[in-house]
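A.B. asks:
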Amino acid sequence: MNRKNIALFLALLMLASTAAGCSDSGETETTADTAAETIETETETERPYADLPEVDMGGADMTILVGYNEEKWPPDTVGVSKNEFGATELTGEAVNDARYNRNQLLNERYNCVISSVDQNAVTNRNVLHDDMTKAVDTLMMAGDNNYAFMLLQGYSTCKMAINGTLNDLNSMEYLGLDNPWWDQKANADLTVMDKLYYTTGDISTADNDATCTVFFNKKLAADHAMEDPYQMVRDGTWTLDTFLSLCEATSLDVDGNGEFNESDQYGAMIWDDITMAVVNGAGIKCAEVGEDGLITLTLNTERTVNALDKYIPFGRDKTQCFQYQRYGSAADTLAIQMFSNNQAMFFMQLMQMVPKLRDMDADFGILPFPKYDEAQEEYYNTVGSWHSVFFCMPFGNIDTGHSTILAEALACEGMYTVTPAYYEMTLKNKAARDEESAEMLDIIFETRVYDLGWYYQFGMYNEEVMNLFRTQHAAKEFSSMYASKEKKAITEVEKANEAFEAVVQGQ
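The working numbering puts the first residue of the sequence shown at 1, with every later residue one more than the last.
#1: State buried or exposed for N120, treating a residue as buried only when at least 16 other CB atoms are found within 10 Å of its CB.
#2: Considering only DSSP beta bridges, list what C392 is partnered with.
#3: Are the beta-carbon atoms belonging to L350 and T200 less than 8 Å from one another?
#4: Can you tell me which of the three DSSP states M193 falls into?
#5: Identify, in the order they occur along the chain, each residue of the same chain with its Cβ nearer than 6 Å to the Cβ of N300, setting aside the five sequence neighbours on each side.
#6: Assuming contact is defined by CB atoms lying nearer than 8 Å, are F215 and I366 in contact in what I supplied?
#7: Quickly, what does DSSP pair L297 with across the bridge? List them, please.
#8: What are the start and end residues of the beta strand (DSSP E) that includes I270?
#9: Where in the region 167-252 do unbroken runs of the alpha helix (DSSP H), each at least 4 residues long, occur, reported from the N-terminal end onward?
#10: Would you call the CB atoms of V95 and M353 closer than 8 Å?
#11: Considering just the uninterrupted stretch of the alpha helix (DSSP H) at L105, what are its terminal residues?
#12: Cutting at 6 Å between CB atoms, please list the residues of its own chain near A407, excluding the five before and the five after it.
#13: Note the first and the last residue of the continuous beta strand (DSSP E) segment covering M348.
#14: Is DSSP giving D51 helix, strand or coil here?
#15: Quick check: the region 455-463 against the region 357-364, are there 3 or more CB pairs under 8 Å?
#16: Between the alpha carbons of M269 and F322, how many angstroms are there, rounded?
#17: In this structure, does DSSP put L410 in helix, strand or coil?
#18: What is the residue span of the alpha helix (DSSP H) that T491 lies within?
#19: Alpha carbons only, please: which of L152, D235, T250 is nearest the one belonging to A206?
#20: For the pair the region 229-244 and the region 368-378, tell me if three or more CB-CB distances fall below 8 Å.
#21: Considering just the uninterrupted stretch of the alpha helix (DSSP H) at L468, what are its terminal residues?
#22: What residues are listed by DSSP as bridge partners for N381?
#23: Figure out for me which residue from M338, V383, R102 has the closest Cα to the Cα of T417.
#24: Run the proximity test for G201: is its beta-carbon closer than 7 Å to any non-hydrogen atom belonging to the ligand ATP?
#25: In the DSSP assignment, what are the bridge partners of G365?
#26: In this structure, does DSSP put S81 in helix, strand or coil?
#27: In chain order, what residues of the same chain have a beta carbon less than 6 Å from the beta carbon of A161, not counting five sequence neighbours either side?
#28: Whose CA, out of W182, E54, Y450, lies closest to the CA of R109?
#29: For M193 versus V504, is the C-beta spacing smaller than 8 Å?
#30: When we look at the beta-carbon of L169 and count the other beta-carbons within 10 Å, is it buried (16 or more) or exposed?
#31: From T298 to N462, what distance separates their C-alpha atoms?
#32: Kindly give me the distance between the Cβ atoms of I274 and M348, rounded to whole angstroms, as I take these residues to be in contact under 8 Å.
#33: Starting from F339, follow the alpha helix (DSSP H) in both directions and report where the run begins and ends.
#34: Buried or exposed, going by whether 16 or more other CB atoms sit within 10 Å of the CB of N69?
#35: In this structure, does DSSP put M57 in helix, strand or coil?
#36: Taking the alpha carbon of S116 as the point to measure from, which residue in A330, N167, M62 has its own alpha carbon closest?
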């Protein structure tokens, strides 16, 4: 079942539930049974399986190391875990139970014991990417890397790739990276010199959580007679200009004191990192791999200038935009409260925000990031650099054959169990579970952008584009900012390419 079929699965599931609950008649039972049979038939006839050998791993411990940058504040505290493999019992929570059942299935299939080490939980603090990179380097230098594989922060995997400590996943036995349970957009965006050192897919839901999205308040949309945004997405009219005009029409000085604050109503609540998503949403990357297989800067374009010229003034306009990140440790709590209180038409955030909105009385919808204009063929949705977690395999002592069999099997089973549970959880936490929401999730997850420029932080352009509108910084225009960092960025790109070339030659 691919992601488009997940929407069908959910629709059929709701049909079966509705039919069973409407009547006790025989006709209703037949309808429900038919829906269930349709799901079963669709799954059986369309499901591809991983092409893997039957092996007995002899009860081996297959331990997975997990590291991630948390969003918890202050830094030295532990927030929500991104450990994909820490489910040790059934709890009744859909994603946890799907992970637990997946792990148990593969434990039995391969006679192994899947376990994990969550570095953040072990140290009881937020282990940032630099700390995680050092921890893995220490393991490798001591010859103690006995982990089956790792899921680590994007900033960590980037550094490890150019340091030559990661296996090329394309060359690893039993990894079928062209299979639908691996993210083909990630594979394409992250391949350098035909080598892929880290990627993602249905082995993890962290890529989903780290994806930028736009929530909209359905009550405010109805109050303002807003055109159906789902249809705008389908028609290709969900553009940056459309978004900005809808925000302008929504802002309101509720208390009438002539000043906009947390008591008023806004077109949008925004977060600093969204500036990078606006650039990617316009079809631009900070850096990408060229035809020669090398990384090249691609940020400085007329399209970038035009997109930021539209967005930055909006972001600075405190009568339209609530910059909740300026509120420090209370920022997320305040943003959730305000959106739940119907004080913003749009909320630009990551998908991981959805569970935090479960107590919201008014319904909300989920949309992809707006396109630059109607001529743009696709929507593009950024996978946040700070929040990203990637699958990788550092060199170590473990049997790589067993490791790759397990990774491939986890990704394959995840596509049929964990990913549908994630969809179900995401939609179930809303006031309504509708086919349109599932449809939007399909679009968002199938048009993701993995921007090497943000991940490698060339010229610190990731921070500099955010500094264009941050209130505590002087306003700068994009062109002058870009020029001031260009020499440094070019040098860093050249060094990265040289490092990749050295790694490739040494393998």
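All C-beta atoms in this analysis are idealised placements derived from N, C-alpha and C, irrespective of residue type, glycine included.
Just so you know, these numbers come straight off a predicted model, no measurement behind them.
C.D. replies: A quick look at the data gives this:
#1: buried
#2: M150
#3: no
#4: coil
#5: Y482
#6: yes
#7: A287
#8: 266-270
#9: 184-190, 206-209, 218-223, 229-235, 240-250
#10: no
#11: 94-110
#12: F149
#13: 344-350
#14: coil
#15: no
#16: 5 Å
#17: helix
#18: 478-506
#19: L152
#20: yes
#21: L468 -> no alpha helix (DSSP H), and no H or E assigned at all.
#22: R448
#23: R102
#24: As far as ligands go, the structure on display features none, and thus does not contain the ligand ATP.
#25: F216
#26: coil
#27: Y197
#28: E54
#29: yes
#30: buried
#31: 13 Å
#32: 5 Å
#33: 331-340
#34: buried
#35: coil
#36: M62
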